[in-house]
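One structure is given below, encoded as structure tokens.
In my numbering, the protein residues as written are 324 to 463.
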């Protein structure tokens with residue numbers, strides 16, 4: 324699979340799930356539903372309801388502190404968008420346009436530095452390097 328397609332699908336799925344809990348949700352949903360209506364009209368009827376069901380799941384997961392469900396929802400929508408892109412590659416330009424319109428809303432959703440939580444585990448002679456921002460490693 325084309326890495327650009329995979330990256331675009333990953334970005335779209337993550338963006339959609341991130342925006343599900345914001346005031347920009349309706350714009351995000353409408354943009355993606357319009358893609359399905361134009362490029363896969365046979366499956367477009369239920370896609371809006373599926374977005375709404377995912378949003379309900381996300382809001383419940385956030386209320387209960389269930390980070391795994393949020394990650395699962397993002398993966399689910401990444402897969403759906405990836406399949407759409409594979410079936411209809413011409414969707415890519417329109418999807419990029421929609422994501423570009425939504426990107427200002429994402430800036431408001433990025434966590435502050437104090438909110439970043441990282442975990443790592445290494446075994447044997449493994450090493451873990453984590454950073455909340457820039458990281459420069461010089462080993463010899």
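By construction, the Cβ of each residue, glycine as well, lies at the ideal position given by its N, Cα and C atoms.
Computed from a prediction, not measured in an experiment: that's the story for all the values here.
| query | result |
| --- | --- |
| Measure the alpha-carbon distance for residue 410 versus residue 391 and round it to whole angstroms. | 29 Å |
| In the DSSP assignment, the alpha helix (DSSP H) including residue 371 goes from what residue to what residue? | 370-387 |
| Whole-angstrom Cβ separation of residue 407 and residue 351, contact assumed at under 8 Å? | So it is not a contact: roughly 15 Å between Cβ atoms. |
| Which residue from 378, 366 and 363 puts its Cα closest to that of residue 336? | 378 |
| So what does DSSP say about residue 345, is it helix, strand or coil? | coil |
| Decide if residue 414 is buried, meaning its Cβ has at least 16 other Cβ atoms within 10 Å, or exposed. | buried |
| DSSP state of residue 460, grouped into three classes? | coil |
| Given a threshold of 16 other Cβ atoms within 10 Å of its Cβ, counted over all protein chains shown, does residue 341 qualify as buried or as exposed? | buried |
| State buried or exposed for residue 404, treating a residue as buried only when at least 16 other CB atoms are found within 10 Å of its CB. | buried |
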